[in-house]
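K.L.:
2 protein chains.
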Amino acid sequence: MIATPYLLYLGHSSDDIGIKTSRGLAVFRPDICVGEFRHDDCPLTLGLPRMGFAEAVAAGARTLVLGIANAGGTLGEDLIEDSIAAMEAGLDVASGLHSRLKDEPRLVATAARTGRTLHDVRDPKPNIPIGTGRFRAGNRLLTVGTDCSVGKMYTTLCLARAMQARGLKADFRATGQTGILIAGDGVPLDAVVADFISGAIEQLSPAREDGGWDLIEGQGSLFHPSFAGVSTGLLHGAQPDVLVMCHDPARTDMRGLPGRALPGLAECIAANLKVAQLTSPQVRIAGIALNTSALGEEEARALCARIEDELALPCTDPYRMGVDAIVDEVLNPARSLAKAGEAV
Amino acid sequence: MIATPYLLYLGHSSDDIGIKTSRGLAVFRPDICVGEFRHDDCPLTLGLPRMGFAEAVAAGARTLVLGIANAGGTLGEDLIEDSIAAMEAGLDVASGLHSRLKDEPRLVATAARTGRTLHDVRDPKPNIPIGTGRFRAGNRLLTVGTDCSVGKMYTTLCLARAMQARGLKADFRATGQTGILIAGDGVPLDAVVADFISGAIEQLSPAREDGGWDLIEGQGSLFHPSFAGVSTGLLHGAQPDVLVMCHDPARTDMRGLPGRALPGLAECIAANLKVAQLTSPQVRIAGIALNTSALGEEEARALCARIEDELALPCTDPYRMGVDAIVDEVLNPARSLAKAGEAV
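The following block contains the structure:
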């Protein structure tokens, strides 16, 4: 577990997309973010108090989160120097970059000398078991997608919040670096060795007997030829009772693959149900989460209504319209069970 | 590339199944195996001349292959001592064990001192690309299976041999440690990081324009909940023109998962074609390879005939009956295309 609260690092960044991990934390966990660290040339802000390292420690911060991604995910000289200064001031350092903190001798030496901890959240824990597919108790929901980066983490977090707001026990289970920093724990699934994909998820979301829900963050897409192996192992390991399909209606090509079309929603839902059935024969789909940020309000609502009508499932933009309609369907499966009877 | 010819290690082993990598080499590559090394307490033999290390070097051997697997895949004291002696005598050492040679300081020190090379064939090469799914030229065949360990490597090697015997260019592309030692090259797919499964296969079997075939060794099964992610990425990366389904009719439960039934052949073929279509829309199935070793001759032939009739595809035991019927179907797709028209 990574010690909280966090100081969020922006550094010298001027890349609004590159700071998405820091922003994800500021949006979803403002309760554990005491401030942001940025140099004078950084034009960005997360709307948090700007702080130096000593100031952040005085405000209670425990860990500096390097929540930025430069090209290639490397650890530049500026990040190294700032991390050393942060440890000298009393902060641990956590990073989701491809380059590992533990591979930089100066950081390792400083951590040893100052007694601080380095967290490489892209490093899977050791001793991940091989998956078994054996039935386990509990209620599990997995988000899936027509493509990568269509809002699976965001939707999963919104669903967890909405279920908690109804008094249910509901835990977000993170499978990517931003999600892991938000949850304080999780498995960086894209970095797990291939034989252990489903086993890593069985370990992340073990049997639970308390009537609560595990909401598991999806990765990739069965229709993305780069990453469908990860998505397949995740479906099998999650043993989901319920799927929620995430989609970006403005996306014309699969991410990173110009010319490759996205699957249709109905086709994508059917394929995901089919794969999931191997370990969860009763799996059902409870709704569709759209990212309608490219559409006007009226257009977005019309699109959701049309998809609801076509697929006989709740369809919503979690950011704009909340996820209550999907939570209703998760908890009261009448509608999707009827649909599954027709479609499968 | 690993230097050949090989000296095959049996050591102190009395486990007939544990020496399967050494045996695979003796069976498929007798041309590159000069002898076997075993201690006096080893009751097993591969039928090769028994040799000490110096004797093997004198006979031309270049590499000692630790083609055995003890429980856990660990590198015991006896293997370490024998490997050191082999290097002192002038041999490189290659291993497919989980435990890596490079993690044993005594082996690393001896290799440095003697100028020998250590080969951990379970270590993927660095810089594997992310898969793209983009169309590439060439003819590619992939073996798939109803389960793990149902003869995919064996079948793939037999198909390569049979095609070569017909004067065709045909190359075996290895994806497991035994296959890699047989071919001298390949990718240990189960050890690749999850995001790179399909990319590793695109790299292993690149575009070819010479009219020849790549015969790609399959792994796992879409119906094995531990490893289906690997199988999925392999199907996408292989971009196969042709699949061959491997099956063990004596198997009652999925390997390692008592109580989990195997899929039916028709169901398994349909699922593999469906997944493969993402990167190879025209993919077809060219036959079924059975391991009938548990059956009598007559029973085996009757079973193949029945499956041929049911699925309208060639069905053969490669060991007993050869693979000519499948090669015919690979090269002349009339029959399977007709079938695909009905089934898909």
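Residue numbers (our numbering), protein chains in the order written: chain A, 1 to 344; chain B, 1001 to 1344.
Every residue gets a Cβ at the ideal spot worked out from N, C-alpha and C, and that includes glycine.
(1) DSSP state of residue 1317(B), grouped into three classes?
(2) Which residue or residues does DSSP assign as beta-bridge partners of residue 244(A)?
(3) I want to verify the contact list: residues of chain B whose CB lies under 7 Å from the CB of residue 198(A), in sequence order.
(4) Run through the DSSP bridge pairs and tell me what residue 95(A) is partnered with.
(5) May I ask you to list the residues that DSSP assigns as paired with residue 33(A)?
(6) How many Å lie between residue 1032(B) and residue 1060(B) at the Cα?
(7) Taking the straight line between their C-alpha atoms, what separation do you get for residue 1104(B) and residue 1042(B)?
(8) Counting C-beta neighbours from all protein chains within 10 Å, is the total for residue 298(A) 16 or more, i.e. buried, or is it exposed?
(9) I want to see whether chain B comes within less than 8 Å of residue 344(A), judged by CB atoms only; does it?
(10) Flag residue 189(A) as yes if its beta-carbon sits less than 8 Å from any beta-carbon of chain B, otherwise no.
(11) Here's a check: name, in chain order, each residue in its chain whose Cβ is nearer than 6 Å to the Cβ of residue 49(A), leaving out the five neighbours to either side.
(12) With which residues is residue 1011(B) paired in a DSSP beta bridge?
(13) Tell me which residue opens and which closes the alpha helix (DSSP H) that residue 328(A) is part of.
(14) Reducing DSSP to helix, strand and coil, say where residue 18(A) ends up.
(15) Give the range of the alpha helix (DSSP H) segment to which residue 53(A) is assigned.
(16) Mind listing the chain B neighbours of residue 260(A)? Cutoff is C-beta to C-beta under 8 Å, in chain order.
(17) In chain order, what residues of the same chain lie with their CB nearer than 7 Å to the CB of residue 184(A), ignoring the 5 residues before and after it?
(18) If you measure from the beta carbon of residue 130(A) to each beta carbon in chain B, is any gap under 8 Å?
(19) Please list the segments of the beta strand (DSSP E) lying wholly inside the stretch 1154-1199 of chain B, counting only runs of 3 or more residues, in order along the chain.
(20) May I ask you to report which of helix, strand or coil DSSP gives residue 1078(B)?
(21) Let me know the secondary structure DSSP gives residue 285(A) once reduced to three states.
(22) Assuming residue 241(A) and residue 280(A) make a contact with CB atoms under 8 Å, what is their CB distance in whole Å?
(23) Measure from the alpha carbon of residue 318(A) to the alpha carbon of each residue in 90(A), 63(A), 152(A), then state which is nearest.
(24) Return the bridge partner residues of residue 1253(B) from the DSSP annotation.
(25) Which one of 256(A), 157(A), 171(A) has the shortest CA to CA distance from residue 24(A)?
(26) How about residue 102(A) and residue 108(A): are their beta carbons less than 8 Å apart?
(27) By DSSP, does residue 1301(B) sit in helix, in strand, or in coil?
(28) Could you check if residue 294(A) is buried or exposed, using at least 16 other CB atoms within 10 Å of its CB as the buried criterion?
(29) Buried or exposed, going by whether 16 or more other CB atoms sit within 10 Å of the CB of residue 166(A)?
(30) Output needed for residue 15(A): all residues of its chain with C-beta closer than 7 Å, excluding positions within five of it in sequence on either side, in chain order.
(31) Please report the distance separating the alpha-carbon of residue 1113(B) from that of residue 1039(B).
(32) In the DSSP assignment, find the unbroken beta strand (DSSP E) run with residue 1215(B) in it and report its ends.
(33) So the candidates are 164(A), 265(A), 161(A), 192(A); which of them puts its Cα closest to the Cα of residue 175(A)?
(34) On the DSSP letters alone, give me the boundaries of the alpha helix (DSSP H) that residue 226(A) sits inside.
(35) DSSP state of residue 235(A), grouped into three classes?
(36) Kindly say whether residue 1247(B), judged by its beta-carbon, lies nearer than 8 Å to any beta-carbon of chain A.
P.N.:
According to the structure shown:
(1) Here DSSP, grouped into helix, strand and coil, assigns residue 1317(B) to coil.
(2) In the DSSP output, where bridge partners are listed per residue, residue 244(A) has 143(A).
(3) Against chain B, a Cβ distance below 7 Å from residue 198(A) picks out 1225, 1226, 1229.
(4) Residue pairing from DSSP places residue 95(A) in a beta bridge opposite 66(A), 120(A).
(5) Looking at the DSSP output, residue 33(A) shares a beta bridge with 6(A).
(6) Approximately 10 Å between the Cα atoms of the pair.
(7) If I take the Cα positions, the gap works out to 25 Å.
(8) So residue 298(A) counts as exposed.
(9) Note that residue 344(A) has pLDDT 42, beneath the 50 cutoff, so the model's placement of it is unreliable and the number below is only indicative. So no, residue 344(A) is outside the interface.
(10) Taking Cβ atoms only, chain B reaches closer than 8 Å to residue 189(A), which makes this a yes.
(11) If you ignore the 5 residues before and after residue 49(A), its C-beta comes within less than 6 Å of the C-beta of 35, all in its own chain and listed in chain order.
(12) According to DSSP, which records beta bridges pairwise, residue 1011(B) is partnered with 1038(B).
(13) Counting along the chain, the alpha helix (DSSP H) containing residue 328(A) begins and ends at 324-331.
(14) Coil, per DSSP.
(15) Annotation: the continuous alpha helix (DSSP H) that includes residue 53(A) extends over 53-58.
(16) The contacting residues are 1133.
(17) If we look at residue 184(A) and ignore the five residues flanking it on each side, its Cβ neighbours are 1, 2, 4.
(18) Yes - at least one Cβ of chain B is within 8 Å of the one on residue 130(A).
(19) Unbroken beta strand (DSSP E) runs of no fewer than 3 residues, entirely contained in the stretch 1154-1199 of chain B, are found at 1170-1173, following chain order.
(20) Residue state for residue 1078(B) is assigned as helix, using DSSP reduced to three classes.
(21) DSSP places residue 285(A) in strand when its eight states are reduced to three.
(22) 7 Å between Cβ atoms; contact.
(23) The candidate whose alpha carbon is nearest that of residue 318(A) is 152(A).
(24) Its beta-bridge partners are 1261(B).
(25) Comparing Cα-Cα distances from residue 24(A) to each of 256(A), 157(A), 171(A), the minimum goes to 157(A).
(26) At a Cβ-Cβ threshold of 8 Å, residue 102(A) and residue 108(A) count as neighbours.
(27) If DSSP states are grouped into helix, strand and coil, residue 1301(B) belongs with the helices.
(28) Counting Cβ neighbours within 10 Å, residue 294(A) comes out exposed, since fewer than 16 surround it.
(29) Exposed is the call here.
(30) Hits under 7 Å: none found.
(31) For residue 1113(B) and residue 1039(B), the distance between alpha carbons rounds to 26 Å.
(32) Looking at the DSSP string, the run of the beta strand (DSSP E) that includes residue 1215(B) is 1213-1216.
(33) Closest by alpha carbon: 192(A).
(34) Segment: none, residue 226(A) is in no alpha helix (DSSP H) and carries neither H nor E.
(35) Assignment of residue 235(A) by DSSP, reduced to helix, strand and coil, places it in the helix class.
(36) Any Cβ of chain A closer than 8 Å to the Cβ of residue 1247(B) would place that residue at the interface, and such an atom is absent.
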